[in-house]
Amino acid sequence: MSNHVAFTKRCLTTVLSVISISASSYSQDIHFSQFFEAPLLRNPSLAGIYTGDIRVQGVYRDQWNSFTNAYRTGSINAEYKMPVKRGDDFITAGVQALFDKSGTVGLASTHLMPALNYHKSLNSSKLMYLSLGFMGGIIRKSVDLSKMTTDNQYGPGGFDPSSPTGETFVAPNFTSWDMNVGMSFNTSFGNNQSNSLFVGAAYHHVNRPKNSFYRNPDIELNAKYVFSTGIKLKIDDFSAFTIQADHSSQGSFSETVGGALYSHVLGDDPENPPYTLYAGAFLRFKDALIPVIKMDMKSISVAISYDLNVSPLKTASRGRGGFELSVSYIAFLDRYNTSRDKVLCPRF
Numbered sequence: 362m363s364n365h366v367a368f369t370k371r372c373l374t375t376v377l378s379v380i381s382i383s384a385s386s387y388s389q390d391i392h393f394s395q396f397f398e399a400p401l402l403r404n405p406s407l408a409g410i411y412t413g414d415i416r417v418q419g420v421y422r423d424q425w426n427s428f429t430n431a432y433r434t435g436s437i438n439a440e441y442k443m444p445v446k447r448g449d450d451f452i453t454a455g456v457q458a459l460f461d462k463s464g465t466v467g468l469a470s471t472h473l474m475p476a477l478n479y480h481k482s483l484n485s486s487k488l489m490y491l492s493l494g495f496m497g498g499i500i501r502k503s504v505d506l507s508k509m510t511t512d513n514q515y516g517p518g519g520f521d522p523s524s525p526t527g528e529t530f531v532a533p534n535f536t537s538w539d540m541n542v543g544m545s546f547n548t549s550f551g552n553n554q555s556n557s558l559f560v561g562a563a564y565h566h567v568n569r570p571k572n573s574f575y576r577n578p579d580i581e582l583n584a585k586y587v588f589s590t591g592i593k594l595k596i597d598d599f600s601a602f603t604i605q606a607d608h609s610s611q612g613s614f615s616e617t618v619g620g621a622l623y624s625h626v627l628g629d630d631p632e633n634p635p636y637t638l639y640a641g642a643f644l645r646f647k648d649a650l651i652p653v654i655k656m657d658m659k660s661i662s663v664a665i666s667y668d669l670n671v672s673p674l675k676t677a678s679r680g681r682g683g684f685e686l687s688v689s690y691i692a693f694l695d696r697y698n699t700s701r702d703k704v705l706c707p708r709f
């Protein structure tokens, strides 16, 4: 019986180690259910699509903690919009920082990516822009070798943590360079300038960054393609629907997520409301249903979401997936908002 238990533990440890390292490190990029609160992660050309001079956003995700210490992910991005001379064109400079830690071996990934996006005005009488964005920076990955266990540490007497793992890493960390590029089109439409839409496409990992703790030059991050769209429709002065969707593909993996938020202004002044409440849901195809609640409080927005698993993983997770919290701050740099008309852009 003891040999059977030891063998079972050995198999489970090996499987979990392989899943933890290979799936997170070599397969899919970091992603959020509130993808609409991390625009630079979707497409660098989506930087600057908001009404204001500056925007700072943060998203935190705790995934699959119901049955294993799987993923904890954080993102912070900052953007600053600058008019170009006397025309309607403008430039957005931004930066994105990402952190992800997963699995029992503490696999960690840190990204620091500056971005630059040029918005070309296509119509002088309404908001219509074609944007081309670039983003590049460093990716650093590390693993805690002291937390790793392998089948070599199991013997006739069971598990021996003092035994060598038998794995030889060149180093417990490595750094690589990454580059992304994207293009988007956004415009207002109809008689109400608040009605707006956008479409965009992005090509991530243009330079195919190296991705191996063994310094194997043949292991690279697969290129990722992301297609995004969104539309905001005013129902009346106090209410609106916002619909957004993304489709991404990377190697053999693909993901489609989309949904809608209904918003309602709380107060008597729809032009300058003290609060705006949002409620809705998104669906990650064949994976999770994601209810979302969001509140705008002047310049600050807070959103909360929770993944409800609908995939085969729901048995192990008991239907519970990931919790996310996002906070966003948007503002003009001068109190009279003198740049409002200069850098006005559809907001989603």
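Numbering of the sequence shown is given in the working numbering, commencing with residue 362 and proceeding in unit increments. Built from N, CA and C at the ideal position, the CB exists for glycine as well.
- In the DSSP assignment, the residues bridged to Val587 are Ala563 and Ser609.
- When DSSP reads this structure, Arg433 sits in a beta bridge with Asp423 and Lys462.
- Thr617 and Ser503 have their C-alpha atoms some 29 Å from each other.
- Look at the beta carbons and you see the segment 539-557 touching the segment 406-426: at least three pairs across the two are nearer than 8 Å.
- Among the bridge pairs identified by DSSP, Phe684 is matched with Asp423 and Tyr667.
- Under the three-state reduction of DSSP, Lys502 is assigned to strand.
- For the pair Asp505 and Gly464, the CB atoms are not nearer than the 7 Å cut-off.
- Nearest neighbour of Phe614 by Cα position, chosen from Lys571, Ala584 and Thr536, turns out to be Ala584.
- The alpha-carbon separation between Ile661 and Ala399 amounts to approximately 15 Å.
- Under the three-state reduction of DSSP output, Arg416 falls in the strand class.
- Secondary structure of Lys508 (DSSP, three-state): helix.
- Burial state of Val420 is buried, judged by a 10 Å Cβ sphere holding 16 or more other Cβ atoms.
- Counting other Cβ atoms within 10 Å of its Cβ, Asp695 stays below 16 and is therefore classed as exposed.
- Between the segment 448-461 and the segment 470-478, the count of Cβ pairs shorter than 8 Å is three or higher; the stretches touch.
- Cβ neighbours of Arg569 within its own chain (closer than 6 Å, five residues either side excluded): Glu581.
- Here the segment 619-626 lies against the segment 596-607, with 3 or more beta-carbon pairs under 8 Å apart.
- Shown here for Phe588: same chain residues with a beta carbon closer than 6 Å to its own, the five before and five after excluded, namely Ala562 and His608 in chain order.
- Taken atom to atom, the span from the alpha-carbon of Ala439 to that of Ser507 is near 36 Å.
- In chain order, Pro634, Pro635, Tyr636, Thr637 and Leu638 place their CB closer than 8 Å to the CB of Leu627, counting only its own chain and leaving out the 5 sequence neighbours on each side.
- Here Phe646 is exposed: its Cβ has fewer than 16 other Cβ atoms, across all protein chains shown, within 10 Å.
- Taken through DSSP and simplified to helix, strand or coil, Pro400 comes out as helix.
- Secondary structure note for Ala476: its beta strand (DSSP E) is the uninterrupted segment Leu468 to Ser482.
- Between Asp668 and Ala649, the C-beta spacing is below 7 Å.
- Less than 7 Å divides the Cβ of Asp450 from the Cβ of Ser482.
- Taking a contact as a CB-CB distance under 8 Å, the pair Gly619 and Phe643 counts as one, their CB atoms being some 6 Å apart.
- Comparing alpha carbon positions, the residue from His566, Asp414, Thr412 and Arg422 closest to Phe396 is Arg422.
- DSSP places Ser485 in the coil class of the three-state scheme, outside both helix and strand.
- The beta carbons of Ile415 and Tyr441 sit about 5 Å from each other, so the pair counts as a contact at 8 Å.
- Assignment of beta-bridge partners to Tyr575 by DSSP yields no partner.
- With 16 or more other Cβ atoms inside 10 Å of its own Cβ, Ile500 counts as buried.
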